[in-house]
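A.B. asks:
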Amino acid sequence: FSSKKDSAFHNTELVKTLLNLDEKKLGQLLELYKKEFGAGAARYARRTYEKWKTGKVRPNNQTFQRFLIHLPKVMS
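Taking the numbering used here, the leading residue of the sequence shown gets 5, the next gets one more, and so forth.
1) Assign F71 to buried or exposed, taking buried as 16 or more other Cβ atoms, counted over all protein chains shown, within 10 Å of its Cβ.
2) To the nearest angstrom, how far is it from the Cα of T58 to the Cα of L22?
3) Should R50 and L33 be called a contact, given that it needs their Cβ atoms to be closer than 7 Å?
4) Go through its chain and collect everything with a Cβ distance to W56's Cβ below 8 Å, but skip five positions before and after it.
5) What residue does the alpha helix (DSSP H) around L34 start on, and which one ends it?
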């Protein structure tokens with residue numbers, strides 16, 4: 005059982021991890037994303053990722069969840 009507060013903290017930490025990926029790991033993540041969800045979705049994810057970094061938009065839940073599927077594969 006986890007509270008909403010715990011879940012929000014966990015998501016915040018995951019977003020920080022995503023936003024601090026180096027270019028190589030980000031490239032690997034986006035390639036995995038493209039293979040699973042298609043080129044159009046990968047383009048959208050890359051554009052959205054850049055907007056997340058600049059703070060222009062908050063992560064969309066679907067895109068965020070899709071990134072999380074492959075994040076462990078690119079982390080050391």
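Backbone N, C-alpha and C fix where the C-beta goes; we use that ideal spot for every residue, glycine too.
C.D. replies: A quick look at the data gives this:
1) By 1-based counting over the sequence shown, the position of residue 71 is 67. Buried.
2) Residue numbering aside, residue 58 sits at position 54 when the sequence shown is read from its first letter. Residue numbering aside, residue 22 sits at position 18 when the sequence shown is read from its first letter. Computed Cα separation, rounded: 13 Å.
3) Residue numbering aside, residue 50 sits at position 46 when the sequence shown is read from its first letter. Residue numbering aside, residue 33 sits at position 29 when the sequence shown is read from its first letter. No. Outside cutoff.
4) For the purposes of this step, residue 56 is identified with residue 52 of the sequence shown, where counting begins at 1. These residues qualify, in order along the chain: V19, L22, L23, R62 and P63.
5) Looking up residue 34 in the sequence shown gives position 30. Looking at the DSSP string, the run of the alpha helix (DSSP H) that includes L34 is E27 to F41.
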